[in-house]
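Chemist: Here's a structure for you.
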Amino acid sequence: MSAPRLNRALVLEAPVEAPDGAGGVTEGWVALGTLWAAVAPRQARESSGAAQALATTAHRITVRAAPPGCEARPRPGQRFREGARVWRILAVAEADPEGRYLTCFAEEELAP
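Take any residue in the sequence shown, note its place counting from 1, add 534, and you have its number in my numbering.
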């Protein structure tokens with residue numbers, strides 16, 4: 535495997551819950567750090583959202599590997615952000631036999 539071209543700075547975010555003051559919780563996101571990545575679109579489809587149609591695009595996002603348990607290692611349920619663009623991480627796998635890179639399978643939802 536040739537080295538991927540990690541030319542995009544993506545912020546890795548994890549979900550957090552905070553009390554809302556009325557006995558419930560509000561969900562938000564906390565930034566864990568910035569990872570350099572290669573982003574490649576894979577496929578796209580259209581689906582219906584609550585109020586309108588959504589376009590969903592699957593992406594393959596490659597980042598440098600981090601040891602399991604490390605905060606910098608992406609996990610399903612987290613997301614990447616680049617400005618207003620957001621990719622939900624669905625799965626993570628080793629990208630090469632040496633374990634130098636990780637491939638994150640992610641989806642981006644866009645309202646047309």
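Backbone N, C-alpha and C fix where the C-beta goes; we use that ideal spot for every residue, glycine too.
Quick check on the burial criterion: 16 or more other C-beta atoms within 10 angstroms. Buried or exposed for C604?
Modeler: Taking the first residue of the sequence shown as position 1, residue 604 is located at position 70. Exposed: under 16 other Cβ atoms inside 10 Å.
Chemist: What's the call for V550, buried or exposed, on a 16-neighbour Cβ count within 10 Å?
Modeler: What you label residue 550 is simply residue 16 of the sequence shown in a count that begins at 1. It counts as exposed.
Chemist: According to DSSP, simplified to helix, strand and coil, what is L544?
Modeler: Reading the sequence shown from its first residue, position 10 is the one you call residue 544. Here L544 sits in strand by DSSP.
Chemist: Report the option in V626, V620 and D630 whose CA atom is closest to the CA atom of E642.
Modeler: The sequence position of residue 642 within the sequence shown is 108, counting from 1. Nearest of V626, V620 and D630 to E642, Cα basis: V620.
Chemist: Quick one: is E547 buried, meaning 16 or more other Cβ sit within 10 Å of its Cβ, or exposed?
Modeler: Looking up residue 547 in the sequence shown gives position 13. Classification for E547: buried.
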